[in-house]
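Numbering-wise, our numbering puts 1057 at position 39 of the sequence shown, and it's gapless, one number per residue.
All C-beta atoms in this analysis are idealised placements derived from N, C-alpha and C, irrespective of residue type, glycine included.
All figures in this text were calculated on a predicted structure; none of them were measured in a lab.
Everything below concerns the one structure shown next.
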Amino acid sequence: MGAFRVIGLLPTGADRIVALAAHCDDIPIGAGGTLLTICSARPGVRVDVLVLSGGGTPREDEERAALADFCPGADLRVKVLKLPDGRLPAHWDEAKDALEGLRAETEPHLLIAPSPHDAHQDHCGLAQLVPTAFRDHLVLGYEIVKWDGDMGRPSVYQPLTSAVAAAKVALLMRHYPSQWGRPWYDREAFLGLARIRGIECHERYAEAFHVNKLTLNLAGG
């Protein structure tokens, strides 16, 4: 996008990533382009995925196949649990135990999780649990377009090349046939949001995230 560049902070390493979701397809919708970007640039990066619902159903099969494509070359580890969709507040203990179990297995450099601003009760509930288990970690809160109108004003952007944006949309449409009938699940919605977030950071396409807390090391030591 010409000479304009938004100031960026470049991480020195992000070799261990945790991605969290309430539902199968949340992570690819909210951060699929970011995962494609990271995994393509860092072969062998470890990606631990925890999804709270959909286990033992065709949705789990969709999720595993999709994540394999969204995380090319990664050391990918996926857990899909069986909590009931739309009922996370009533299953708080099970969700908390799952997060604590994952926390005991990895020390991630970066977490990708739902945004605390998300209006869906499952997404918001998981977002509230994240800092109770991962207290000192950088968490990127992804956004999911839906009828609630809760998109907000994110402050962190991951630019996506045109090729990555197109690949993200193609993979979403290929891997989740269970969602094809939903009115919001289409190419225009996914690519349109990426275009809007790209405009906001002087790029063609981008994914955007909410960040509650981060620290700086401006001395570089």
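Kindly list the residues whose CB is nearer than 7 Å to the CB of residue i, restricted to its own chain and excluding five residues on each side of it in sequence; keep chain order.
| i | result |
| --- | --- |
| Ala1017 | Outside the modelled stretch of the chain, which goes from 1019 to 1239, sits residue 1017, for which no answer is possible. |
| Asp978 | Outside the displayed range of the chain (1019 to 1239) lies residue 978, so it cannot be described from this structure. |
| Cys1089 | Leu1053, Cys1057, Val1065 |
| Leu1147 | Ala1113, Lys1114, Leu1117 |
| Arg1121 | Ala1151, Phe1152 |
| Arg1213 | Tyr1223 |
| Ala1086 | Leu1094 |
| Glu1078 | Cys1042, Gly1072, Val1098 |
| Arg1082 | Val1096 |
| Met1191 | Arg1205 |
Spatial neighbours of residue i within its chain, please: C-beta separation below 8 Å, excluding the five flanking residues on both sides.
| i | result |
| --- | --- |
| Ala1116 | Leu1068, Leu1070, Lys1097, Leu1099 |
| Thr1124 | Arg1034, Val1036, Arg1064, Asp1066 |
| Leu1156 | His1127, Leu1128, Leu1129, Val1229, Leu1232 |
| Gln1316 | The structure shown does not extend to residue 1316, since the chain spans only 1019 to 1239, so no value can be given for it. |
| Gly1143 | Ala1040, Leu1106, Pro1107, Trp1110, Ala1113 |
| Gln1197 | Asp1043, Tyr1203 |
| Gly1031 | His1127 |
| Arg1200 | none |
| Trp1149 | Reading off the sequence, residue 1149 comes out as Pro, not Trp. Closer than 8 Å at the Cβ level, and outside the excluded window around Pro1149, lie Val1157, Asn1230. |
Could you pull the DSSP bridge partners for residue i from this structure?
| i | result |
| --- | --- |
| Gly1159 | Ala1131, His1228 |
| Gln1176 | Glu1225 |
| Ala1237 | Ala1237 is not bridged to any residue. |
| Val1187 | Looking at the DSSP assignment, Val1187 forms no beta bridge with any residue, so it has no partner. |
| Arg1171 | Answer is none; Arg1171 lacks a bridge partner. |
| Val1067 | Ala1037, Val1096 |
Can you give me the Cβ contacts of residue i inside the same chain, cut-off strictly under 6 Å, excluding the 5 residues immediately before and after it?
| i | result |
| --- | --- |
| Gly1073 | Val1098, Leu1099, Lys1100 |
| Ala1092 | Cys1057, Val1063, Val1065 |
| Asn1235 | none |
| Gln1118 | Inspection of the sequence shows that residue 1118 is occupied by Glu rather than by Gln. Same-chain partners within the cutoff: Ala1151. |
| His1109 | Leu1101 |
| Ala1039 | Ile1045, Val1069 |
| Asp1166 | Ala1137 |
| His1141 | Ala1040, Pro1132 |
So residue i packs on residue j, CB below 8 Å; how close in whole Å?
| i | j | result |
| --- | --- | --- |
| Gly1051 | Leu1178 | 4 Å |
| Ala1084 | Tyr1194 | 7 Å |
| Thr1055 | Val1182 | 6 Å |
Less than 8 Å between CB atoms is the rule here; does residue i satisfy it with respect to chain C?
| i | result |
| --- | --- |
| Arg1060 | No chain C appears in this structure, which consists of one protein chain only. |
*Could you tell me which uninterrupted alpha helix (DSSP H) segments, each at least 4 residues in length, are contained entirely in the segment 1090–1145, listed from first to last along the chain?*
1110–1121
*contact_flag[the segment 1180–1194, the segment 1202–1222] where n(CB pairs < 8 Å) is 3 or more*: Because the criterion of three Cβ pairs below 8 Å is met, the segment 1180–1194 and the segment 1202–1222 touch.
*asked:* Under 8 Å, with one C-beta from each stretch per pair, do the segment 1164–1173 and the segment 1047–1061 reach the 3-pair mark?
replied: no
*For the 8 Å Cβ check, are there 3 or more pairs between the segment 1147–1162 and the segment 1212–1231?*
yes
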